[in-house]
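Notes follow the structure.
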Amino acid sequence: MATEKRTHQKPTPPQPGTRPSVRIDDQLAADLAVIMRTDVNLSDAVRRAVRQLADMYRTAWAEGVVPVGTAPTLLAYQLEQDPAMLSPRPTPGPTPTSAYDARRTPATPPVGRPTASVAPPSAPAPGRSPQVRRSGPFPGVPVHRP
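Numbering (my numbering), first residue to last: 7 to 152.
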């Protein structure tokens, strides 16, 4: 027979120095165009993309996020801010001339004290009978009668 049934073999990575061929479809061409806007050539664009993906896999496996040999799912990423892209800071106000000038005013006025006392300290708790105050072994400690 001219065609033989191939058994499923695990793919092996290419050897260093080889030139693998990759069919470039529309999505890969668009993705490479984005990476190449940073003034890198095709080889460097592929190297950067593969390196970043491989670093993510290595980290996920080392941290035990997924079993080794399983592709992790990237949920989020954090970018480093280019200082040139930051919006300009507002110009500072005049320098304070004294400590009083540097004092900040509160955003909300302070809360005042209640006008009336909620309950005197000796008032019984709600639902409890009043306690009789007598001088006992300790001054101010109520004595309970059975």
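We put the CB at the ideal spot given by N, CA and C, even for glycine.
Cβ of residue 15 within 8 Å of any chain C Cβ: The structure shown contains no chain C, having only a single protein chain.
Minimum C-alpha distance to residue 1 - residue among 39, 78, 21: In the structure as shown, the chain begins at 7 and stops at 152. Residue 1 is therefore absent and cannot be evaluated.
Whole-angstrom distance between residue 33 and residue 3, CA atom to CA atom: Since the first residue of the chain shown is 7 and the last is 152, residue 3 is not available in this structure.
Short Cβ contact (8 Å threshold) for residue 59 with residue 48: Taking the sequence shown and counting its residues from 1, one reaches residue 59 at position 53. Taking the sequence shown and counting its residues from 1, one reaches residue 48 at position 42. In this structure, the beta-carbon distance from residue 59 to residue 48 does not fall below 8 Å.
Beta-carbon proximity list for residue 26, same chain, < 7 Å, skipping 5 on both sides: In the sequence shown, the residue the question calls residue 26 occupies position 20. Closer than 7 Å at the Cβ level, and outside the excluded window around residue 26, lie 20.
Separation of residue 63 from residue 57, as counted between CA atoms: Residue 57 sits at position 51 when you count from the first residue of the sequence shown. Residue 63 sits at position 57 when you count from the first residue of the sequence shown. Between the alpha carbons of residue 57 and residue 63 lies a distance of about 10 Å.
Extent of the continuous alpha helix (DSSP H) run through residue 41: Numbered from its first residue, the sequence shown carries residue 41 at position 35. Taken as a continuous stretch (DSSP letters only), the alpha helix (DSSP H) holding residue 41 covers 32-42.
Same chain, Cβ closer than 6 Å to residue 35, five either side skipped, listed in chain order: Residue mapping note: residue 35 aligns to position 29 of the sequence shown, counting from 1. The answer is none, since no qualifying residue turns up.
N- and C-terminal bounds of the alpha helix (DSSP H) containing residue 55: Position 49 of the sequence shown, counting from 1, holds the residue named residue 55. Counting along the chain, the alpha helix (DSSP H) containing residue 55 begins and ends at 48-68.
For residue 53 and residue 40, the rounded distance between their alpha carbons: As a first step, residue 40 must be located in the sequence shown, where it is residue number 34. As a first step, residue 53 must be located in the sequence shown, where it is residue number 47. Cα-Cα distance, rounded: 14 Å.
Rounded C-alpha distance that separates residue 86 from residue 14: As a first step, residue 86 must be located in the sequence shown, where it is residue number 80. As a first step, residue 14 must be located in the sequence shown, where it is residue number 8. Residue 14 has its alpha-carbon roughly 42 Å from the corresponding atom of residue 86.
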